[in-house]
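Asker: Just so you know, we're using the working numbering here: the sequence shown kicks off at 680 and counts up by one.
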Amino acid sequence: YAVTTYTDEEKEAGVWNMDHWLGVELIEKISSDPVTTLGALQSKSNMSFILSLVMVLLSVGGLCSSVPLLRNRELSIIPTLMAIIMGMSFVFLLFTYHRRKAACAL
């Protein structure tokens, strides 16, 4: 495999922001109709960020409400699972934040 190198002009133009999306189809759509395609990309990125924020809030609420179940030996797995889900939702939130930031920069 060849290492991809970019010129200074390409780096300044924000070529790294395109790393968040794969596929030649997107680049073709951007070159044919940039306003509509980039608007749809921003809209989709905003929606996924909002959904991940809702997921974080729900998982934090679920963890807080399930903490009393730690006293029950049979149901103590529920707070543990909620803590795992909360951690995953924070990772997803961070990913969607950076993707949204890249979509807005294009």
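Idealized CB from N, CA, C, for every residue including glycine.
Since the model is a prediction, treat every value here as computed from it, not as a measurement.
Assign Val682 to one of three DSSP states: helix, strand, or coil.
Answerer: As a first step, residue 682 must be located in the sequence shown, where it is residue number 3. Correct three-state label for Val682: coil.
Asker: Give the secondary structure of Asp687 by DSSP, where H, G and I count as helix, E and B as strand, and everything else as coil.
Answerer: Looking up residue 687 in the sequence shown gives position 8. In this structure, Asp687 counts as helix in the three-state DSSP scheme.
Asker: Quick one, are the C-beta atoms of Leu705 and Thr715 less than 9 Å apart?
Answerer: Numbered from 1 along the sequence shown, position 26 holds the residue referred to as residue 705. Numbered from 1 along the sequence shown, position 36 holds the residue referred to as residue 715. Contact: no.
Asker: Specify, as a first and last residue, the run of the alpha helix (DSSP H) that Ser710 falls within.
Answerer: One-based indexing of the sequence shown puts residue 710 at position 31. Unbroken alpha helix (DSSP H) run through Ser710: Val703 to Ser711.
Asker: Determine the DSSP secondary structure at Leu785, reduced to helix, strand or coil.
Answerer: Position 106 of the sequence shown, counting from 1, holds the residue named residue 785. Note: Leu785 maps to coil in three-state DSSP.
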